[in-house]
Amino acid sequence: MAELWNTVILNPTLNSLIALSGVLFGSFGLAIIVLTIVVRLITLPLTLRQLQSTKTLQAMQPKLQEIQRKYAKDKAKLQQEMMKLYREAGVNPLGCLWPMLVQFPVWIALYQSIMRALAATPEDLISLSQHLYSWQIVHQAVPLKDKFLWLNLGQPDSMLVLTILVAVTMWVQQKMVTAPAADPRQQSMSNMTLMMMPLMFGLFALQFPSGLSLYWVVSNIVGIIIQYFISGGWGYLFGPPTKPAPVVKKGKEQYDRKRRKS
Amino acid sequence: MSLSKTSPLLIIAICSLLAISSCTAPVSRGWSGAMPHGDNVYIGSMEGKVLALNSSARSQDLPFPAQGEWVFTTRALAQGIGFTCSPPPPPAIYGTPTMAGELVYVGNYPGRIYALYATAGQKKWVYPDEGSAERIGTIVGEVLVAEDKVYFGSSEGVYALDATYGKLKWHFKTGGKVWTSLAIKDKVILASSFDGKLYALSSDEGKELWHFEVPVAIASPPVVWADNVLFGAFDSYLHCIRDGREKWKFEGGNWFWARPLVSDGIAYAGCLDGKVYALEIETGEKLWEREIDNPIVSSPVLVEDFLVVASETSNLYIINAHTSEIVKTISLKSPVMAPLYEKEGIVYVHAKNRYLYAVKVPEGEIVWKFYLAVKES
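Here the protein sequences line up with chains V and X, keeping their order. Per the numbering used here, the very first residue in the first sequence carries number 1044; after that it's consecutive. Per the numbering used here, the very first residue in the second sequence carries number 4; after that it's consecutive.
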């Protein structure tokens, strides 16, 4: 299994990253940035699908809450009505989930590639030699230069700039798509999740090599840009939007059309 | 189920796994060889200790330390400001201790050079001083002692210290790390660097006399044979140069990292492609090759007509140096990356399981073994 993972996923990602460094003036930092953008663009269809699904589910929230109130004492009927609602809307309740699951191997491959490519110790360098293709550009690039701007990409950022950027960009990205909830309990949980994730990733950024933190920051920024253009604005970042966002409107129109048919 | 409920839980699960992986105990590193000298063997451990082991005491499995034995703990550098969830790794030792006169010289990975009295293991001097904020870079190669000076390479270039007092004589900054041992010939220091250059520096002043360049990093120590200099590089070639010019180069299947062994005009080179090559030094002609199946990082030794090779297969191979036939395979149950050393038919093997093995060649019998992770008394 490990061999399959290495051959199909890890080695291509790793060698692409190193080859990019060779092309981009020997800069591993630039290679991380470029490869992250490329990977986000390749997974754009999945991201769009995930956003679409999220928006549709949010538009259905009032109706879902009505059903929950109506059938609070009849669990079986509640489940039945909820599934009926999902079917009519053409939405899979876990539909926002699987695009993210598909992206996990990509994230893990990028993480492993960055850690391997940095090869900070002699043992790491020897291990790296077993994953390289015979491309001349790859062997000429190794060992990679670990300096990028003020960073040593093999060490955590001692100036904490990346730590803060990781937390802030993650918070912004999440906040843009998190609608305020009418239920105070749900709002409270939502607020907690909104704070917990950025804090946790910020703590990770204190631990991991700054090359990985750089990947997270770039990935988050690309995610924010995608959301901005797809959602037609900053979403819920500054509170509820004054006019419906195009995707929300589309999802709600689709939902209303299906209801009228039934 | 909405995004706000499910995805954070999954992300938290994944991130927890990543966090756990980064907060586990540090991986011990280092691959010092064991230098036999007199009745003792001197070795650096993965815990950053230097040990003197008496062969006779170890053969009898006497409690450590027996008479003539000692252990000295080297120090890491002072920690900078920063948050860590695990203690810093011990200061590993990669270079084999070097004997010169009454002193044992060794460098540790974080960047300190120690001169210890060989009889009792007391420190004579350390560079930089233990209270000093000076950084000289990471040290992987051995220390070279010649002309009353101590020479070594680090990630910051090549250094020369006074051998008696440990004062800096000169420092030559290279364009890449010098993670190899140095060589010396006729008052010229030879140093391989990750910037792709083999430097020739004057031993007195550290001035560059010439350099030979390849388009990739050089991680193999230079070896001198007559007027030839051999070294391996990341282009998968073993290079032979003479008078600063390329004489020949031989292509392997991967990088040449281990120091080539030269004897009677033949170079024996272990490669990360898992093969040992025997090459005629004058012409570069391949005499034979033997596949071991795993990368060879450890420098081989020659015992009479037998070449002894260790690799990451956890085996030690005794090979007929003329026919390339594998005469014996000894299982050590642990990979070996440290260079091999030999004295009086005993080959000393430092394995990754922290054991030092003394193996009689060509019989292949393990005479004794010793666990190096000892506490300092």
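Just so you know, even glycine gets a beta-carbon here, dropped at the ideal spot from N, CA and C.
Between which two residues does the beta strand (DSSP E) carrying F215 of chain X extend?
-> By one-based count along the second sequence, residue 215 of chain X stands at place 212. Element bounds for F215 of chain X: E211 to E216.
Start and end residues, beta strand (DSSP E) containing K152 of chain X | Counting from one through the second sequence, the residue named residue 152 of chain X turns up at place 149. Where K152 of chain X is concerned, the enclosing beta strand (DSSP E) stretches over K152 to S157.
Quick one: what's E292 of chain X bridged to in DSSP?
-> For the purposes of this step, residue 292 of chain X is identified with residue 289 of the second sequence, where counting begins at 1. Answer is X:Y280.
Residues of the region 1216-1249 of chain V with Cβ closer than 9 Å to any Cβ of chain X, in chain order = Taking 9 Å as the upper bound on Cβ-Cβ separation, chain X lies near residues Q1217, V1220, T1221, A1222, A1224, Q1229, M1232, S1233, T1236, L1237, M1239, M1240, M1243, F1244, L1246, F1247 and L1249 of the region 1216-1249 of chain V.
Please state whether DSSP places N297 of chain X in a helix, a strand or coil.
-> As a working mapping, residue 297 of chain X is identified with position 294 in the second sequence. N297 of chain X: coil per DSSP, three-state reduction.
Of the residues X:S239, X:F67, X:G273 and X:A261, which one's Cα is nearest the Cα of F253 of chain X?
-> Working through the second sequence from its first residue, we reach residue 253 of chain X at position 250. F253 of chain X has its Cα closest to that of X:S239, out of X:S239, X:F67, X:G273 and X:A261.
Would a check of beta-carbon distances place I1023 of chain V closer than 8 Å to chain X?
-> Given a span of 1044 to 1305 for chain V in the structure shown, any question on residue 1023 of chain V remains unanswerable.
Beta bridge counterpart(s) of D165 of chain X as assigned by DSSP = Position 162 of the second sequence, counted from the first residue, corresponds to residue 165 of chain X. Answer by DSSP bridge pairing, in chain order: X:K152.
Can you grab the Cα-Cα spacing for the pair K383 of chain X / S206 of chain X, in whole Å?
-> Lying before the first or after the last residue shown, residue 383 of chain X is absent from chain X, which here runs from 4 to 380.
Check the Cβ-Cβ distances between N257 of chain X and every residue of chain V, and say whether any is below 8 Å.
-> Along the second sequence, one-based indexing puts residue 257 of chain X at 254. Yes, N257 of chain X counts as interfacial toward chain V.
Where do the N-terminal and C-terminal ends of the beta strand (DSSP E) with A179 of chain X fall, by residue?
-> Mapped onto the second sequence, residue 179 of chain X falls at position 176. Here the sequence assigns Gly to residue 179 of chain X, which means Ala is not the residue at that position. Note, G179 of chain X: premise wrong, no beta strand (DSSP E); not H, not E.
Do we get a CB-CB distance below 8 Å when we pair V300 of chain X with the residues of chain V?
-> To locate residue 300 of chain X, count along the second sequence from 1; it is residue 297. True, the Cβ-Cβ gap to chain V drops below 8 Å.
Chain V contact residues for P218 of chain X, given Cβ-Cβ distances below 7 Å | Along the second sequence, one-based indexing puts residue 218 of chain X at 215. What P218 of chain X touches in chain V: Q1183.
Compare the Cα-Cα distances from A149 of chain X to each of X:T101, X:A121 and X:G114 and report the closest residue.
-> To locate residue 149 of chain X, count along the second sequence from 1; it is residue 146. In terms of CA proximity to A149 of chain X, X:T101 leads the group X:T101, X:A121 and X:G114.
Could you run through the region 260-284 of chain X and flag, in chain order, every residue whose CB is less than 9 Å away from some CB of chain V?
-> Hits within the stretch, in order: W260 and L275.
Short Cβ contact (8 Å threshold) for D1200 of chain V with S1262 of chain V = Position 157 of the first sequence, counted from the first residue, corresponds to residue 1200 of chain V. Position 219 of the first sequence, counted from the first residue, corresponds to residue 1262 of chain V. No, the Cβ-Cβ distance between D1200 of chain V and S1262 of chain V is not below 8 Å.
Sufficient close CB pairs (3 or more, under 8 Å) joining the region 111-119 of chain X to the region 61-68 of chain X = They do not touch, by the three-pair rule.
Roughly how many angstroms separate the alpha carbons of P142 of chain X and G1282 of chain V, rounded to a whole number?
-> Start at 1 with the first residue of the second sequence, and residue 142 of chain X comes out as number 139. Start at 1 with the first residue of the first sequence, and residue 1282 of chain V comes out as number 239. Note that residue 142 of chain X is Ile in the sequence shown here, rather than Pro. Going by the C-alpha atoms only, they are around 55 Å apart.
Name the chain X residues that come within less than 8 Å of S1070 of chain V, Cβ to Cβ?
-> Against the first sequence, residue 1070 of chain V aligns to sequence position 27. Here the premise fails: no neighbours, minimum Cβ distance about 16 Å.
My guess is that L1161 of chain V and P1055 of chain V are in contact by the Cβ rule of under 8 Å, so how many angstroms apart are they, rounded?
-> Here the question's residue 1161 of chain V lines up with position 118 in the first sequence. Here the question's residue 1055 of chain V lines up with position 12 in the first sequence. Separation of the CB atoms of L1161 of chain V and P1055 of chain V is rounded to 18 Å, and the pair is thereby denied contact status at 8 Å.
Euclidean distance between Cα positions of A186 of chain X and I116 of chain X | For the purposes of this step, residue 186 of chain X is identified with residue 183 of the second sequence, where counting begins at 1. For the purposes of this step, residue 116 of chain X is identified with residue 113 of the second sequence, where counting begins at 1. Roughly 18 Å between the two C-alpha positions.
Residues bridged to R115 of chain X (per DSSP) | For the purposes of this step, residue 115 of chain X is taken as residue 112 along the second sequence, with counting starting at 1. R115 of chain X is bridged to X:N111.
Taking Cβ-Cβ distances below 9 Å as the criterion, which residues of the region 329-360 of chain X are in contact with chain V?
-> Listed by position along the chain: M340.
Using three-state DSSP, classify Y1271 of chain V as helix, strand or coil.
-> Numbered from 1 along the first sequence, position 228 holds the residue referred to as residue 1271 of chain V. In the three-state reduction of the DSSP assignment, Y1271 of chain V falls in the helix class, which pools H, G and I.
Do you know offhand how far W371 of chain X's Cα is from Y358 of chain X's?
-> The residue you call residue 371 of chain X lines up with position 368 of the second sequence. The residue you call residue 358 of chain X lines up with position 355 of the second sequence. So the two alpha carbons sit approximately 10 Å from each other.
Between L343 of chain X and V311 of chain X, which are expected to be in contact by the criterion C-beta below 8 Å, what is the C-beta distance as a whole number of angstroms?
-> Numbered from 1 along the second sequence, position 340 holds the residue referred to as residue 343 of chain X. Numbered from 1 along the second sequence, position 308 holds the residue referred to as residue 311 of chain X. At roughly 6 Å, the Cβ-Cβ gap stays under 8 Å, so L343 of chain X and V311 of chain X are in contact.
Return the CA-CA distance between D132 of chain X and V330 of chain X, expressed in angstroms with no decimal places.
-> The residue given as residue 132 of chain X occupies position 129 in the second sequence. The residue given as residue 330 of chain X occupies position 327 in the second sequence. Straight-line Cα distance between these residues: approximately 49 Å.
Decide yes or no for the touch test of the region 47-61 of chain X against the region 151-167 of chain X: beta carbon pairs closer than 8 Å, at least 3 of them.
-> The region 47-61 of chain X is not in contact with the region 151-167 of chain X.
Which class does Y1154 of chain V belong to by DSSP, given the choice of helix, strand or coil?
-> In the first sequence, the residue the question calls residue 1154 of chain V occupies position 111. Of the three classes helix, strand and coil, the one that applies to Y1154 of chain V here is helix, per DSSP.
Answer yes or no: does any C-beta atom of chain X fall closer than 8 Å to that of P1088 of chain V?
-> Position 45 of the first sequence holds residue 1088 of chain V. False, the Cβ-Cβ gap to chain X never drops below 8 Å.
Length at least 4, wholly inside the region 1232-1278 of chain V: the alpha helix (DSSP H) runs in chain order | The region 1232-1278 of chain V is shown to contain whole alpha helix (DSSP H) runs of 4 or more residues at 1253-1274, in chain order.
Using beta-carbon positions only, say whether Q1146 of chain V and T1086 of chain V come within less than 8 Å of one another.
-> For the purposes of this step, residue 1146 of chain V is taken as residue 103 along the first sequence, with counting starting at 1. For the purposes of this step, residue 1086 of chain V is taken as residue 43 along the first sequence, with counting starting at 1. Using a Cβ distance threshold of 8 Å, Q1146 of chain V and T1086 of chain V count as a contacting pair.
Output the distance between the C-alpha atoms of S337 of chain X and G348 of chain X, rounded to the nearest integer angstrom.
-> As a working note, residue 337 of chain X is residue 334 in the second sequence. As a working note, residue 348 of chain X is residue 345 in the second sequence. Their backbone Cα atoms lie some 22 Å apart in a straight line.
Would DSSP call T76 of chain X helix, strand or coil?
-> For the purposes of this step, residue 76 of chain X is identified with residue 73 of the second sequence, where counting begins at 1. Strand.
Could you please tell me which residues of the region 1184-1195 of chain V, in chain order, have their CB closer than 8 Å to any CB of chain X?
-> Within the region 1184-1195 of chain V, the residues whose Cβ lies closer than 8 Å to some Cβ of chain X are V1185 and P1186, listed in chain order.
Tell me, to the nearest whole angstrom, how far the beta carbon of L1094 of chain V is from that of Q1217 of chain V; I am working on the premise that it is less than 8 Å.
-> Residue 1094 of chain V sits at position 51 when you count from the first residue of the first sequence. Residue 1217 of chain V sits at position 174 when you count from the first residue of the first sequence. With a beta-carbon spacing of about 13 Å, L1094 of chain V and Q1217 of chain V fall beyond the 8 Å limit used to define contacts.
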